[in-house]
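Peer 1:
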Amino acid sequence: MLKFKITCLFLVAIVSIFGVSAEESADGPEDAREHRHGRRPGHRPRRETSAQDSADGPEDADPEGSDSESRIIGGEKATDGEFPHQVSLRIKDYRNVWQHFCGGSIISERWVLTAAHCTKPYRQYMDRMRVVAGTNKLNSGGDQYELEKITEHEKYNKPQITYDIAVIKVKKDIKFGEKVGKISLASSNTPGGVELVTSGWGYTNNDRYNRKPPNDLQKLTVESLSVSECQKKLEKYKGTPFSDRQICTFKKEGQGICQGDSGGPLVHKGEVVGITSWNIPCGRGLPDVFTRVFSYLDWIKKNTSG
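In mature numbering (1 follows the signal peptide of the UniProt record, and there is no 0), the protein residues as written are -22 to -1, 1 to 284.
1. Cα separation between Leu116 and Val245?
2. If I follow the unbroken alpha helix (DSSP H) through Leu94, where does it start and stop?
3. I need the DSSP call for Val145, collapsed to helix, strand or coil.
4. Under 8 Å from any heavy atom of the ligand ATP, does the C-beta of Lys153 make it?
5. Counting Cβ pairs, one atom from each stretch, are 3 or more of them under 8 Å apart for the stretch 221 to 229 and the stretch 82 to 98?
6. Please tell me whether Gly82 and Gly180 are closer than 9 Å, where the distance is taken between their beta carbons.
7. So, for Glu54: in the same chain, excluding its five sequence neighbours on each side, which residues have a beta-carbon less than 8 Å away from its beta-carbon?
8. What whole-angstrom Cβ distance do Thr176 and Thr254 have, given they're in contact under 8 Å?
9. Rounded to a whole number of angstroms, what is the C-alpha to C-alpha distance between Val158 and Gly252?
10. From Tyr103 to Arg68, what distance separates their C-alpha atoms?
11. I'd like the ranges of any beta strand (DSSP E) spanning at least 3 consecutive residues and lying wholly in the stretch 64 to 98.
12. Have a look at Gly155, Gly178, Pro169, Lys279 and flag the residue whose alpha-carbon is nearest the alpha-carbon of Pro243.
13. Of all the options Gly284, Gly119, Val250, which has the alpha carbon lying nearest to the alpha carbon of Ser165?
14. Could you tell me which uninterrupted beta strand (DSSP E) segments, each at least 3 residues in length, are contained entirely in the stretch 164 to 241, listed from first to last along the chain?
15. Out of curiosity, what's the CA-to-CA distance linking residue 286 and Pro137?
16. By alpha-carbon positions, which one of Cys80, Leu264, Met107, Trp277 ends up nearest to Glu207?
17. Three-state secondary structure (DSSP) at Asn281?
18. Quick one: give me the first and last residue of the beta strand (DSSP E) that Gln122 is part of.
19. Buried or exposed: Lys169, going by 16 or more other Cβ atoms within 10 Å of its Cβ?
20. Kindly indicate which three-state DSSP category Asp276 falls into: helix, strand or coil?
21. Helix, strand or coil, according to DSSP, for Asp266 in the structure here?
22. Residues in the same chain with beta-carbon distance under 6 Å from Thr113, minus the five sequence neighbours each way, listed in chain order, please.
23. What's the C-alpha gap between Pro219 and Thr140?
24. Measure the CB-CB distance between Gln64 and Ile51 and report whether it falls below 9 Å.
25. Have a look at Lys210 and Val172 and give me their C-alpha separation to the nearest angstrom.
26. Throw me the rounded Cβ distance for the Gln122 and Arg108 pair, which I believe falls under 8 Å.
27. Assuming Ser86 and Lys160 make a contact with CB atoms under 8 Å, what is their CB distance in whole Å?
28. Here's the rule I'm using: 16 or more other beta-carbon atoms within 10 Å means buried, otherwise exposed. How should His13 be labelled?
29. Taking 6 Å as the limit between beta carbons, can you name the residues of its chain near Asp266, skipping five residues before and five after?
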């Protein structure tokens, strides 16, 4: 059976909360450890990096040193205020430095939509996490919001990265303005052949020993594939979990999402239709996978009503 790597797209932003580097540590939060994706023991595809096996620890993830001209793989820099719903999820490391690790989408004054694989590893450190809104830059600007509550989907499956959706409630209302605002949820299902836009601060190349998240928010225009098209492209990778509760996108080799983009929005005509989830791996000619928001409208409504 052909072996391959699935990349879960969140950045390990902690040199660990315990003061041990992500590269060195074999301990830490259980859900932050390396995990495998697949359906059958002995034939499970393995993702490229995890919170504990990453060679890109917080020193390498320091936004201050990022190249502001870097681009999401194959994408371009977003204009200021272009994505007012986009937020950066950050966590304070043992050096008391705030580190970006995932994206998210503002869906109301108190709620942010993101991926379960972003929040699950760190939920016990919620007091060290912040939602940052109103800036395209990682090293400056924006307003920070403390977290009140995190809810991941009860069926979230870490090994297969399914039901990969979560909502975050902040402690006070997010201040809306010219550069900050909510985005509407998907009002209809997204078929294949639709032009979509994704955004985030994910890595901009595949060189794991020489990469940093860009300081400036990046965007990329992609095209949705039908469920059958995506399954066909992924069929040689046995055990790859993909269903109609997910959206598959593809543009061309050399373009795609990468670590740090996780939890961020996939947008069509002013609606968030997808949540960045995983790929195999960044920009190498295979589809990117997003959680399909339309499949979870009832779940989102139920879990953001309080």
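A virtual CB, placed ideally from N, CA and C, is assigned to each residue, including glycine.
Peer 2: The structure says:
1. Counting from 1 along the sequence shown, the entry for residue 116 is found at position 138. Counting from 1 along the sequence shown, the entry for residue 245 is found at position 267. For Leu116 and Val245, the distance between alpha carbons rounds to 21 Å.
2. Here residue 94 refers to the residue found at position 116 when the sequence shown is read from its first residue. With the sequence shown as reference, residue 94 is identified as Ala, and Leu is not the correct amino acid for it. 94 to 97 is the span of the alpha helix (DSSP H), which, as asked, contains Ala94.
3. Numbered from its first residue, the sequence shown carries residue 145 at position 167. Strand, per DSSP.
4. Among the components of this structure there are no ligands whatsoever, and the ligand ATP is therefore not found.
5. no
6. One-based indexing of the sequence shown puts residue 82 at position 104. One-based indexing of the sequence shown puts residue 180 at position 202. Against a cut-off of 9 Å, the Cβ pair of Gly180 and Gly82 comes out as no contact.
7. As a first step, residue 54 must be located in the sequence shown, where it is residue number 76. Gln196, Lys197, Leu198, listed in sequence order.
8. For the purposes of this step, residue 176 is taken as residue 198 along the sequence shown, with counting starting at 1. For the purposes of this step, residue 254 is taken as residue 276 along the sequence shown, with counting starting at 1. So it is a contact: roughly 6 Å between Cβ atoms.
9. As a working mapping, residue 158 is identified with position 180 in the sequence shown. As a working mapping, residue 252 is identified with position 274 in the sequence shown. So the two alpha carbons sit approximately 20 Å from each other.
10. By one-based count along the sequence shown, residue 103 stands at place 125. By one-based count along the sequence shown, residue 68 stands at place 90. Going by the C-alpha atoms only, they are around 11 Å apart.
11. 64 to 70, 76 to 84, 89 to 92
12. Reading the sequence shown from its first residue, position 265 is the one you call residue 243. Ranking Gly155, Gly178, Pro169, Lys279 by Cα distance to Pro243 puts Gly178 first.
13. Position 187 of the sequence shown, counted from the start, is the residue given in the question as residue 165. For the residues Gly284, Gly119, Val250, the minimum Cα distance to Ser165 belongs to Val250.
14. 173 to 178, 196 to 203, 224 to 228
15. Residue 286 is absent from the model: the chain starts at -22 and stops at 284.
16. As a position in the sequence shown, residue 207 is number 229, starting the count at 1. Of the listed residues, the one whose Cα sits closest to Glu207 is Leu264.
17. Residue mapping note: residue 281 aligns to position 303 of the sequence shown, counting from 1. The answer is helix: DSSP assigns Asn281 an H, G or I state.
18. Within the sequence shown, numbered from 1, the residue matching residue 122 stands at position 144. Its beta strand (DSSP E) spans residues 121 to 130.
19. Locating residue 169 in the sequence shown gives position 191, where the first residue counts as 1. Reading the sequence as shown, one finds Pro at residue 169 and not Lys. By the 10 Å Cβ count, Pro169 comes out exposed.
20. As a first step, residue 276 must be located in the sequence shown, where it is residue number 298. Three-state result, Asp276: helix.
21. Counted from its first residue, the sequence shown places residue 266 at position 288. When secondary structure is reduced to three states using DSSP, Asp266 falls in the strand class.
22. To locate residue 113, count along the sequence shown from 1; it is residue 135. Around Thr113: Gly119, Gly120.
23. By one-based count along the sequence shown, residue 219 stands at place 241. By one-based count along the sequence shown, residue 140 stands at place 162. Cα to Cα, the separation comes out at about 7 Å.
24. By one-based count along the sequence shown, residue 64 stands at place 86. By one-based count along the sequence shown, residue 51 stands at place 73. Their beta carbons are not under 9 Å apart, which means Gln64 does not touch Ile51 by this criterion.
25. On the sequence shown, residue 210 is found 232 positions in, with the first residue counted as 1. On the sequence shown, residue 172 is found 194 positions in, with the first residue counted as 1. Whole-angstrom Cα-Cα distance: 18 Å.
26. Numbered from its first residue, the sequence shown carries residue 122 at position 144. Numbered from its first residue, the sequence shown carries residue 108 at position 130. Confirmed, Cβ separation roughly 4 Å.
27. Here the question's residue 86 lines up with position 108 in the sequence shown. Here the question's residue 160 lines up with position 182 in the sequence shown. About 6 Å separates the two Cβ atoms, so the contact holds.
28. For the purposes of this step, residue 13 is taken as residue 35 along the sequence shown, with counting starting at 1. A caution first: His13 carries a pLDDT of 32, below 50, which makes its placement in the model unreliable, though a value can still be read off. Buried is the label assigned to His13, since at least 16 other Cβ atoms lie within 10 Å of its Cβ.
29. Your numbering for residue 266 matches position 288 in the sequence shown. If we look at Asp266 and ignore the five residues flanking it on each side, its Cβ neighbours are Thr227, Gly234, Ile235, Asn257.
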